[in-house]
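**Student:** According to my numbering, the sequence shown is numbered sequentially starting from 1319.
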Amino acid sequence: MRSLARESGLSTNALSMIERGRTSPSVSTLYKLANALEVPITAFFRLEPDRSDVVFRRKSERSNVNISKGVWEGLGGEAFTGRIEASIITIEAGSDSGSFGMLHSGDEFVLCLEGQVEYTVEDQAYLLKAGDSLIFAAQLSHRWRNTGAGMAQLVVVIAGFEHGEQPSEFHTFRQE
1319 MRSLARESGL
1329 STNALSMIER
1339 GRTSPSVSTL
1349 YKLANALEVP
1359 ITAFFRLEPD
1369 RSDVVFRRKS
1379 ERSNVNISKG
1389 VWEGLGGEAF
1399 TGRIEASIIT
1409 IEAGSDSGSF
1419 GMLHSGDEFV
1429 LCLEGQVEYT
1439 VEDQAYLLKA
1449 GDSLIFAAQL
1459 SHRWRNTGAG
1469 MAQLVVVIAG
1479 FEHGEQPSEF
1489 HTFRQE
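Below, the structure is given as structure tokens:
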């Protein structure tokens, strides 16, 4: 608790009150905790969806999350019992995933459908244009930015992550 207090800038007393349900944290407090824990703020509000061994998803039924200057669309992995998540990320020119790299378990596959996106894995930058792909171990720090003049669209597939982890959350939350 002391470590979390130090990392978040909150007092141990405040954390204790939240933990025991004696007070409700403000949104700014949740952001501080999320950043200290290195998790997206959505982890605090996660509802476990019904999961199935087979998921059929029509385009009109995709889950959508507005991200900073873009949209994340789930392709059904969030409802699948296995450990694979697929999504389409559409991002405006100049937008990025934030100044902090993402990391999570598993492996990641990225396919650029449209535009151009610079994907940085560790300290190596890869410029993806329509049709280009990238595969990497997702525990390596990674981030992206749309370096093109127009919209960009990526298919991102994350597989083999730890049971109970929802790695797509790291791609839908912009840490600043």
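Backbone N, C-alpha and C define an ideal beta-carbon position, used for all residues, glycine too.
Using only alpha-carbon positions, find the residue among A1456, R1461, Q1457 that is nearest to L1446.
**Tutor:** Ranking A1456, R1461, Q1457 by Cα distance to L1446 puts R1461 first.
**Student:** Quick check on the burial criterion: 16 or more other C-beta atoms within 10 angstroms. Buried or exposed for V1435?
**Tutor:** Buried: at least 16 other Cβ atoms inside 10 Å.
**Student:** Is E1356 helix, strand or coil when you go by DSSP?
**Tutor:** It is coil, neither helix nor strand.
**Student:** For L1446, name the three-state secondary structure that DSSP assigns.
**Tutor:** Strand.
**Student:** Determine the direct distance from the alpha carbon of L1328 to that of F1479, and round the result to whole angstroms.
**Tutor:** Using only the alpha carbons, I get a separation of about 31 angstroms.
**Student:** When you compare the CB positions of I1406 and L1472, do they come within less than 9 angstroms of one another, or not?
**Tutor:** Taking 9 angstroms as the Cβ cut-off, I1406 and L1472 qualify as a contacting pair.
**Student:** What's the C-alpha gap between V1474 and V1428?
**Tutor:** Their Cα atoms are separated by approximately 5 angstroms.
**Student:** Terminal residues of the continuous beta strand (DSSP E) containing R1461?
**Tutor:** Its beta strand (DSSP E) spans residues 1460 to 1464.
**Student:** Starting from the Cα of H1422, find the closest Cα among A1455, G1433, G1412 and give me that residue.
**Tutor:** Closest by alpha carbon: A1455.
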